[in-house]
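A quick write-up on the structure given underneath.
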């Protein structure tokens, strides 16, 4: 009886087996990368989306900086991860798949060694299939171990396709082995021994293939099962939460946080998130945030308008030309080893060209070497051409960050760390370096590796391409993992280095304290221990560096050894010329340079990513006080101010203003008095639009301040603060800061009105005298008078005086008060005062307590009420009388003979002086102060 016909012919099955062997690892790898990319895009967090806010502008009419889209935040997808126990199932099943490929490989090697006489060999396609698939599935396992959440749909899709291909291979192998077939042999076209059924070796191969199919079926089945259970539990949990919230939560409560900012504005984003306030993104982080590559690209898209030279067509052409040079460099890198092989073949007589051609080939080789690399002619030309592009990007980023930070509201500047903000603003160069490294170092390296794999596949054979691919993947993964490990060690060493410097600096700064307590030995030991700890960390860093270098070199050397063995075998058997071996050595050495650089480069990329992340987070900060979409300019100002039931709080638990109402007529002076914390400074801040109101309204000339552009409102308001801060420039610069178009004569007139002109002329450099950091070279009175002159130059209709004479002596205060009187003439003035004697001529005085007006009227009217203001006035008068009496006693003491003065009299004078100072301090704070017994 004749055996049954196979379901597919032997030749067809052999062709299917060969093609699938070659395609199997490539299809799985490409599919996984595509699925991983799509999955990353679909599941990426949308917290980093930035988009313009329509119809809103910041101070000065500038476009409002972009920020996180609230709708994008609400649309964030919830990505769930598997439990550790379930992850362990996928880990072991993936290891099982990898072990089946390893088992197949061991079977092939043992079979070839035991069957040498028949020269049995599985064939190139089988070797490619086993080795490449082993590393592809190892990549899948690494992605499961290293990423979170994992496994994902990308893994599942790849497992399904792998299962289908394994079934095809299993069917083709079974069709071949169950029919009459010849075994493959090495290096011969004729087939080997004729077999009439499945051999023992083939049976082992079939069993391992079947086991691999079982593992892949289990992976897909468990993934489907666990995903179903995971999402059913998540839906049930969300259903319970939604059900309970629908019964207990008000209709509008769910959107309260979305619609409110830190001070109740409808414009601007919330800043009440405590976590964000505790650790803003622009503060120096310890490590790079865990983000997917798509989240990084989407986040950094904010910088693209600043990096691309959109304003210059010439620079755009330069960018294109630089990329063209980059492609030419890739061609030159490929031609250098090829030309070296060509010269070798010519010199060895294996080339068809004559001996005279070698000189031309050598010259061509030298030309390629002259053009090759970043230090070659092409690299130098590209660097020079890129300079204006880099400068353009730095200028745009730096000025944009400077303008952006200035546009942020007062709540940001009160809570910021100045050093961290300045550091984040200066990271424009880091972003440039980061993008330049990616463009001209990482991208060329990846292109060179891809070209090398393709070149070896086409000009040599698949063995070389496989070895280079495996070596590259293992090398890069090993480098990244070791660099991440070393990053933590380096961070520890850096911290210990700072601690060592801190111990040294503190000890040197506290030299006298060390001597007072005889603590030299303690300080020596403390510093010695700090140095010892630093050196231990430094040893770990250097040791880990050598481990990384040795590991990198070992991986590449093993790859070089395998390729050299293959090339040497092919040269000795006459399959290739000697020049091919030289080309291989040259090309492999050329590939090693960028790979060796990648270890150091990865660390610099990490640092650049941290720096650019800080600037990115700073750009996402958004002002809370901005112009409304319908805001209009205030063309002129008469100076009428009206507060109508104004409510405001810095903290929702403690109101700063609670229904405050008052009116200031044009050209009048209104004084605000009361204890500290009563809301006086808050009135100034709200009028100047540093904050938005929680309730009520503020009107200027009948216009609600929310309907007026911030810039036009502030043009009509002048402020003389209690603590004047000046720029570290000359006096003329600081004076003209209020009005850069003012002439020198106008500046002199303003200084005469502020009683400071003659004083400035007495300085050695006059108006060219520099005032020092924050104006500290000037006295308190001089700074205040400069501030008054500066306000006079601004010529505003509304003046805000924030206790401008509080910290001055009596004589200086009198000069300042005269200047303030001149400044206030014909203008609406609001004054915060603790010394009530300076506001007795005010048109109205408002006594504030807990954010409300408890008393109002003129000086005489408030005294007649015999209320809070009267009590404050009486206490200050008594304190002043006591101070005058103490001063007279001190003068008398100075006039008498110190030898005849009794100890009791001196003690009495000192006690009275201390009592006077204590009472003055209490009256300044608005607190109750009792006079000592016996005093009026």
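Numbering (the UniProt record's numbering), first residue to last: 1 to 936.
Note that CB positions come from ideal geometry on N, CA and C, so glycine has one too.
A quick note: this is a predicted structure, and the numbers were derived from the prediction, not measured.
Three or more C-beta pairs below 8 Å linking the segment 695 to 704 and the segment 631 to 641: The segment 695 to 704 vs the segment 631 to 641: in contact.
Integer Cβ distance of residue 175 from residue 93, believed to fall under 8 Å: In the chain shown, residue 175 corresponds to position 175, counting from 1. In the chain shown, residue 93 corresponds to position 93, counting from 1. Not a contact, Cβ separation roughly 28 Å.
How should residue 209 be labelled, buried or exposed, when 16 other C-beta atoms within 10 angstroms of its C-beta is the threshold for buried? Counted from its first residue, the chain shown places residue 209 at position 209. It counts as buried.
Enumerated in chain order, which unbroken segments of the alpha helix (DSSP H) with a length of 4 residues or greater are wholly contained in the segment 669 to 715? 680 to 687, 710 to 715
Quick check: the Cα distance between residue 298 and residue 690, rounded to an integer number of angstroms? Position 298 of the chain shown, counting from 1, holds the residue named residue 298. Position 690 of the chain shown, counting from 1, holds the residue named residue 690. Answer to the nearest angstrom: the Cα atoms are 33 Å apart.
Alpha carbon to alpha carbon, what distance is there between residue 490 and residue 438? Counting from 1 along the chain shown, the entry for residue 438 is found at position 438. Counting from 1 along the chain shown, the entry for residue 490 is found at position 490. A straight line joining the alpha-carbon of residue 438 with that of residue 490 spans about 23 Å.
Counting along the chain, where does the beta strand (DSSP E) carrying residue 726 start and finish? Against the chain shown, residue 726 aligns to sequence position 726. That residue, residue 726, is in no beta strand (DSSP E); it is neither H nor E in DSSP.
Between the alpha carbons of residue 844 and residue 855, how many angstroms are there, rounded? Position 844 of the chain shown, counted from the first residue, corresponds to residue 844. Position 855 of the chain shown, counted from the first residue, corresponds to residue 855. Residue 844 and residue 855: Cα-Cα distance of roughly 10 Å.
Taking residue 392 as the reference, which of 324, 308, 313, 369 has the closest Cα? Indexing the chain shown from 1 puts residue 392 at position 392. Selected option, being the one with the closest Cα: 308.
If you compare alpha carbons, which of 215, 692, 650 is closest to residue 627? Taking the first residue of the chain shown as position 1, residue 627 is located at position 627. For residue 627, the nearest C-alpha among the options comes from 692.
Beta-carbon proximity of residue 790 to residue 742, cut-off 7 Å: Stepping through the chain shown from its first residue, residue 790 is reached at position 790. Stepping through the chain shown from its first residue, residue 742 is reached at position 742. No, they are not a contact pair.
State whether the segment 778 to 797 contacts the segment 747 to 756, with contact taken as three or more CB pairs (one from each stretch) at a distance under 8 Å. At 8 Å Cβ cutoff, the stretches touch.
Quick one: what's residue 849 bridged to in DSSP? Taking the first residue of the chain shown as 1, we reach residue 849 at position 849. DSSP, once it has assigned bridges, lists 852 as partnering residue 849.
Do residue 544 and residue 486 have their CB atoms nearer than 7 Å? On the chain shown, position 544 is the one that residue 544 refers to. On the chain shown, position 486 is the one that residue 486 refers to. Going by C-beta atoms, residue 544 is nearer than 7 Å to residue 486.
Contact between the segment 532 to 539 and the segment 491 to 501 is defined here as three or more beta-carbon pairs at a separation below 8 Å; is this criterion met? They touch, by the three-pair rule.
Tell me whether residue 719 sits in a helix, a strand or coil according to DSSP, three-state version. On the chain shown, residue 719 is found 719 positions in, with the first residue counted as 1. Correct three-state label for residue 719: strand.
Going by other Cβ atoms of all chains shown within 10 Å of its Cβ, with 16 needed for buried, is residue 841 buried or exposed? One-based indexing of the chain shown puts residue 841 at position 841. Within 10 angstroms of the beta-carbon of residue 841 lie fewer than 16 other beta-carbons, which makes it exposed.
Measuring alpha carbon to alpha carbon, tell me which residue in 703, 771, 398, 478 is nearest residue 615. Position 615 of the chain shown, counted from the start, is the residue given in the question as residue 615. Checked all of 703, 771, 398, 478; the closest Cα to residue 615 is 398.
How about residue 13: is its Cβ closer than 6 Å to a heavy atom in the ligand ATP? The ligand ATP is absent from the structure shown, which contains no ligand whatsoever.
Is the CB-CB distance between residue 579 and residue 344 below 7 Å? For the purposes of this step, residue 579 is identified with residue 579 of the chain shown, where counting begins at 1. For the purposes of this step, residue 344 is identified with residue 344 of the chain shown, where counting begins at 1. A contact, by the Cβ cut-off of 7 Å.
When DSSP labels each residue in this structure, what does residue 830 get in the three-state scheme? Position 830 of the chain shown holds residue 830. Note: residue 830 maps to strand in three-state DSSP.
Under the rule that 16 or more other beta-carbon atoms within 10 Å means buried, what is residue 312, buried or exposed? On the chain shown, residue 312 is found 312 positions in, with the first residue counted as 1. By the 10 Å Cβ count, residue 312 comes out exposed.
Helix, strand or coil, according to DSSP, for residue 206 in the structure here? The count along the chain shown starts at 1 and reaches residue 206 at position 206. DSSP places residue 206 in helix when its eight states are reduced to three.
Is it buried or exposed for residue 565, if we count other Cβ within 10 angstroms and need 16 for buried? On the chain shown, residue 565 is found 565 positions in, with the first residue counted as 1. Counting Cβ neighbours within 10 Å, residue 565 comes out exposed, since fewer than 16 surround it.
Just the C-alpha distance for residue 502 and residue 529, rounded to the nearest angstrom, thanks. Within the chain shown, the letter at position 502 stands for residue 502. Within the chain shown, the letter at position 529 stands for residue 529. If you take the alpha carbons of residue 502 and residue 529, they lie about 13 Å apart.
Taking its Cβ as the centre, do 16 or more other Cβ atoms sit within 10 Å of residue 734, making it buried, or is it exposed? Walking along the chain shown from the start, residue 734 turns up at place 734. The residue in question, residue 734, is buried, as its Cβ has 16 or more Cβ neighbours within 10 Å.
Taking DSSP's pairing of strands, which residues face residue 185 in a bridge? For the purposes of this step, residue 185 is taken as residue 185 along the chain shown, with counting starting at 1. In DSSP, residue 185 forms a bridge with 120.
If we count the other Cβ atoms within 10 Å of its Cβ and call it buried at 16 or more, is residue 363 buried or exposed? Looking up residue 363 in the chain shown gives position 363. Counting Cβ neighbours within 10 Å, residue 363 comes out exposed, since fewer than 16 surround it.
Bridge partners of residue 844, per DSSP? Along the chain shown, one-based indexing puts residue 844 at 844. Residue pairing of residue 844 in beta bridges, as defined by DSSP: 670.
With a cut-off of 8 Å on the beta carbons, I'd call residue 39 and residue 154 a contact; round off their distance for me. Locating residue 39 in the chain shown gives position 39, where the first residue counts as 1. Locating residue 154 in the chain shown gives position 154, where the first residue counts as 1. Sure, about 5 Å apart at Cβ, within 8 Å.
Between the C-alpha atoms of residue 511 and residue 500, what's the straight-line distance to the nearest angstrom? Counted from its first residue, the chain shown places residue 511 at position 511. Counted from its first residue, the chain shown places residue 500 at position 500. Those two C-alpha atoms are separated by around 17 Å.
Answer with buried or exposed for residue 212, where buried requires no fewer than 16 other C-beta atoms within 10 angstroms of its C-beta. By 1-based counting over the chain shown, the position of residue 212 is 212. Counting Cβ neighbours within 10 Å, residue 212 comes out buried, since at least 16 surround it.
Spell out the partners DSSP gives residue 857 in its beta bridges. Working through the chain shown from its first residue, we reach residue 857 at position 857. BP columns for residue 857 point to 845.
Considering only residues of the segment 610 to 667, which uninterrupted beta strand (DSSP E) runs meet the minimum length of 3 residues and lie entirely inside it, listed in chain order? 641 to 648, 657 to 664
Using DSSP with H/G/I as helix, E/B as strand and the rest coil, what is residue 15? The residue you call residue 15 lines up with position 15 of the chain shown. Here residue 15 sits in helix by DSSP.
Candidates 349, 664, 766, 781: which alpha carbon is nearest residue 744's? Along the chain shown, one-based indexing puts residue 744 at 744. Ranking the options by Cα distance to residue 744, first place goes to 766.
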